[in-house]
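Visitor: Can you keep this structure in mind? I'll have questions shortly.
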Amino acid sequence: MGFITKVRGRVQNAPKTGSHQWGLCGKSEFGLQCNVFCHKSGTAWCYNFHKNPETMLILLLLPILMGRIGLLYACVIYQYPLHIIYEWMKKWSLKAVTAVKPIISRFRKRLDECENSFVNMNLYAMMNQMVFFSLCDRALGLRDRQRVTSMYSLLFYNAMTYCFAYIKELVEKEDWSMKIQLTPSSNIMHLAMTATKIALEWTKAVTFIVTIVCMLLVLGLEQGLQNYCPTPVYILITVSYYIMTEKTIQDSIPNVLIYVPDDQFQDQILGLEKIHAMLAIKLLTTLANLLFLIPMFRSLRITLLTLYINVWLQYKSSKMIKTQLDRELELVANFRQATEEDFSAKDEDDVCPICLGQMKSARVTPCQHMFHTNCLRLCVKNLNNCCPICKREFRFY
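Per my numbering, the very first residue in the sequence shown carries number -10; after that it's consecutive.
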């Protein structure tokens, strides 16, 4: 009681000049307008809390941090210079941020390099597929009934992919000879390399046969498949996702773009089919993960795992591919598209001067030469912005 009485007396005896007063603002709300006088060398420093909210903030936070409510009264009554504490904290905070910023930048750079390397590995493709299959298990209601559906599906798809890759290799194989010569023009056979090649080829063949036999036995006799009962919708979704994310099959996807019946589209993507296909695949797979993630936000672990592996890393990869695509398209962006008048001014059997192919669509240079878009792009990249016919530098006005 004595301490509170002393505080009340000090507050009542405080000088009241002008608008610097202690009081209550309104009947239902409590307002505090306080003056803190810090006397140093006969000079009074006056600080209004309404004009200095940071001082009021420190004043209110200190008791909470220190755990002593008496510190609030001490700061007001004994007139501690809170602005000095604020300036000191602000100064050292800026120094700390300045010192830590280069470290954070280097760490982020190293992290980006590691993530980019990880995305290009086969391990990432398998983890991506495993996370999406597990997400489908939960989203389609298969988690409680069949706990191994995703694992069995991924195992079967990988086995079928291996068989597909082996058959593709046999079909595209041109040299069936098991001999390895020392030089292309020599008849001397390298025995060690020849023996190694024979062993590898027979190993591939035996592995292929064993894989096919095991799959037929498992699927035909239905041994060990009591817990594997995927629905047709689940199979359709997972097979489509697996085809888009498996690197062995991705190499064949860009070949589908050549069947698009649009000459201008073919001219635009010619030479960039793989980049266009990869960008479309990244966007589709990211969208699929986000759609299946909507009903699964209550599961924190699968949500965080999907957001990082299947969304964030896919987004970064697609951003890099988009940057590469924009860089390639920018090389020919300044060249106008050839019109019917340009083609009519040329001979009917006019061909591209570079590839000697028939031109159904082309780009026109400032020197009035016409080329395929892909041919012109490669020339601009390799010939230092010069026309491959007249060797004049391309200048656009």
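Where is the CB? At the ideal position from N, CA and C, for every residue including glycine.
#1: In this structure, how does DSSP classify residue 303 when only helix, strand and coil are distinguished?
#2: Under 8 Å, do residue 125 and residue 248 count as touching if we go by C-beta distance?
#3: What three-state label does DSSP hand residue 235 in the structure shown?
#4: Let me check understanding here. Comparing Cα to Cα, which of 143, 113, 345, 153 lies closest to residue 241?
#5: How many angstroms separate the CA atom of residue 143 from the CA atom of residue 117?
#6: Given residue 288, which residues of its chain have a CB within under 7 Å of its CB, disregarding the five upstream and five downstream residues?
#7: Determine the direct distance from the alpha carbon of residue 313 to that of residue 258, and round the result to whole angstroms.
#8: DSSP on residue 325, reduced to helix/strand/coil?
#9: Can you round the beta-carbon distance between residue 232 and residue 238 to whole angstroms, since I take them to be within the 8 Å contact cut?
#10: Does the beta-carbon distance from residue 261 to residue 317 come in below 8 Å?
#11: My parser needs the alpha helix (DSSP H) runs of 4 or more residues fully inside the segment 88 to 130; what are they?
#12: Please report the distance separating the alpha-carbon of residue 347 from that of residue 339.
#13: Any contact between the segment 323 to 337 and the segment 302 to 312? By contact I mean 3 or more CB pairs, one from each, below 8 Å.
#14: Rounded to the nearest angstrom, what separates residue 96 and residue 130 at their Cα positions?
#15: Taking residue 197 as the reference, which of 159, 113, 380, 282 has the closest Cα?
#16: Determine the direct distance from the alpha carbon of residue 368 to that of residue 151, and round the result to whole angstroms.
#17: May I have the straight-line CA-CA distance separating residue 122 from residue 376, to the nearest angstrom?
#18: Among residues of its own chain, excluding the 5 on either side of residue 286, which ones have a beta-carbon nearer than 8 Å to its beta-carbon?
#19: Between residue 295 and residue 282, how many whole angstroms is the CB-CB distance? I'm expecting something under 8 Å.
#20: If you draw a straight line from the alpha carbon of residue 380 to that of residue 297, how long is it in whole angstroms?
#21: Looking at residue 300 and residue 278, is the spacing between their C-beta atoms short of 8 Å?
#22: Could you tell me if residue 219 is buried or exposed, where buried requires 16 or more neighbouring beta carbons within 10 angstroms of its beta carbon?
#23: Would you call residue 254 buried or exposed, if buried means 16 or more other Cβ atoms sit within 10 Å of its Cβ?
#24: Under the three-state reduction of DSSP, which class applies to residue 376: helix, strand or coil?
#25: Leaving out five residues on either side along the sequence, give the residues of the same chain with a beta carbon under 6 Å from the beta carbon of residue 359.
#26: What's the C-alpha gap between residue 362 and residue 271?
#27: Would a C-beta distance cut-off of 8 Å place residue 302 and residue 102 closer than the cut-off?
#28: Measuring only the C-alpha atoms, how far is residue 107 from residue 114?
#29: I need the DSSP call for residue 384, collapsed to helix, strand or coil.
#30: Taking the alpha-carbon positions, what's the residue 84 to residue 94 distance?
#31: Does DSSP put residue 357 in a helix, in a strand, or in coil?
#32: Measuring CA to CA, which of 371, 284, 243 is closest to residue 268?
#33: DSSP beta-bridge partners for residue 340?
#34: Counting C-beta neighbours from all protein chains within 10 Å, is the total for residue 76 16 or more, i.e. buried, or is it exposed?
Guide: Well, looking at it:
#1: Reading the sequence shown from its first residue, position 314 is the one you call residue 303. Residue 303 falls in the helix class under three-state DSSP.
#2: Within the sequence shown, numbered from 1, the residue matching residue 125 stands at position 136. Within the sequence shown, numbered from 1, the residue matching residue 248 stands at position 259. In this structure, residue 248 does not lie closer than 8 Å to residue 125 by Cβ.
#3: Sequence index remark: in the sequence shown, residue 235 carries index 246 (1-based). Coil.
#4: Stepping through the sequence shown from its first residue, residue 241 is reached at position 252. Of the candidates 143, 113, 345, 153, the one whose C-alpha sits nearest the C-alpha of residue 241 is 153.
#5: Position 154 of the sequence shown, counted from the first residue, corresponds to residue 143. Position 128 of the sequence shown, counted from the first residue, corresponds to residue 117. Using only the alpha carbons, I get a separation of about 11 Å.
#6: As a working note, residue 288 is residue 299 in the sequence shown. Closer than 7 Å at the Cβ level, and outside the excluded window around residue 288, lie 127.
#7: Stepping through the sequence shown from its first residue, residue 258 is reached at position 269. Stepping through the sequence shown from its first residue, residue 313 is reached at position 324. Roughly 13 Å separates the two Cα atoms.
#8: As a working note, residue 325 is residue 336 in the sequence shown. In this structure, residue 325 counts as strand in the three-state DSSP scheme.
#9: Against the sequence shown, residue 232 aligns to sequence position 243. Against the sequence shown, residue 238 aligns to sequence position 249. Rounded, the Cβ-Cβ distance is 5 Å, consistent with contact.
#10: As a working note, residue 261 is residue 272 in the sequence shown. As a working note, residue 317 is residue 328 in the sequence shown. Result yes, Cβ atoms of residue 261 and residue 317 sit closer than 8 Å.
#11: 111 to 128
#12: Residue numbering aside, residue 347 sits at position 358 when the sequence shown is read from its first letter. Residue numbering aside, residue 339 sits at position 350 when the sequence shown is read from its first letter. Cα to Cα, the separation comes out at about 7 Å.
#13: no
#14: On the sequence shown, residue 96 is found 107 positions in, with the first residue counted as 1. On the sequence shown, residue 130 is found 141 positions in, with the first residue counted as 1. One C-alpha to the other measures close to 41 Å.
#15: Your numbering for residue 197 matches position 208 in the sequence shown. Out of 159, 113, 380, 282, 159 has the C-alpha closest to the C-alpha of residue 197.
#16: Walking along the sequence shown from the start, residue 151 turns up at place 162. Walking along the sequence shown from the start, residue 368 turns up at place 379. Going by the C-alpha atoms only, they are around 39 Å apart.
#17: For the purposes of this step, residue 122 is identified with residue 133 of the sequence shown, where counting begins at 1. For the purposes of this step, residue 376 is identified with residue 387 of the sequence shown, where counting begins at 1. Roughly 52 Å between the two C-alpha positions.
#18: Taking the sequence shown and counting its residues from 1, one reaches residue 286 at position 297. Within the same chain, residue 286 has close Cβ partners 292.
#19: If you number the sequence shown from 1, residue 295 lands on position 306. If you number the sequence shown from 1, residue 282 lands on position 293. Going by Cβ atoms, the distance from residue 295 to residue 282 rounds to 5 Å, so yes, they are a contact pair.
#20: Working through the sequence shown from its first residue, we reach residue 380 at position 391. Working through the sequence shown from its first residue, we reach residue 297 at position 308. Each residue's Cα considered, the two are about 50 Å apart.
#21: Stepping through the sequence shown from its first residue, residue 278 is reached at position 289. Stepping through the sequence shown from its first residue, residue 300 is reached at position 311. Closer than 8 Å, so yes.
#22: Looking up residue 219 in the sequence shown gives position 230. Buried, because 16 or more other Cβ atoms sit within 10 Å of the Cβ of residue 219.
#23: Stepping through the sequence shown from its first residue, residue 254 is reached at position 265. When all chains shown are included, residue 254 counts as exposed.
#24: If you number the sequence shown from 1, residue 376 lands on position 387. Coil.
#25: Sequence index remark: in the sequence shown, residue 359 carries index 370 (1-based). Excluding positions up to five away in sequence, the list reads 327, 351, 353.
#26: Start at 1 with the first residue of the sequence shown, and residue 362 comes out as number 373. Start at 1 with the first residue of the sequence shown, and residue 271 comes out as number 282. When rounded, the distance between both Cα atoms is 25 Å.
#27: Here residue 302 refers to the residue found at position 313 of the sequence shown. Here residue 102 refers to the residue found at position 113 of the sequence shown. Not closer than 8 Å, so no.
#28: Counting from one through the sequence shown, the residue named residue 107 turns up at place 118. Counting from one through the sequence shown, the residue named residue 114 turns up at place 125. Going from the Cα of residue 107 to the Cα of residue 114 covers about 9 Å.
#29: As a first step, residue 384 must be located in the sequence shown, where it is residue number 395. Three-state result, residue 384: coil.
#30: Along the sequence shown, read from residue 1 onward, the residue named residue 84 stands at position 95. Along the sequence shown, read from residue 1 onward, the residue named residue 94 stands at position 105. The alpha-carbon atoms of residue 84 and residue 94 are separated by roughly 16 Å.
#31: On the sequence shown, residue 357 is found 368 positions in, with the first residue counted as 1. DSSP places residue 357 in coil when its eight states are reduced to three.
#32: Counting from 1 along the sequence shown, the entry for residue 268 is found at position 279. Considering only alpha carbons, the answer is 243.
#33: By one-based count along the sequence shown, residue 340 stands at place 351. Paired residue(s): 347.
#34: The residue given as residue 76 occupies position 87 in the sequence shown. Classification of residue 76: exposed, given that the 10 Å Cβ count is below 16.
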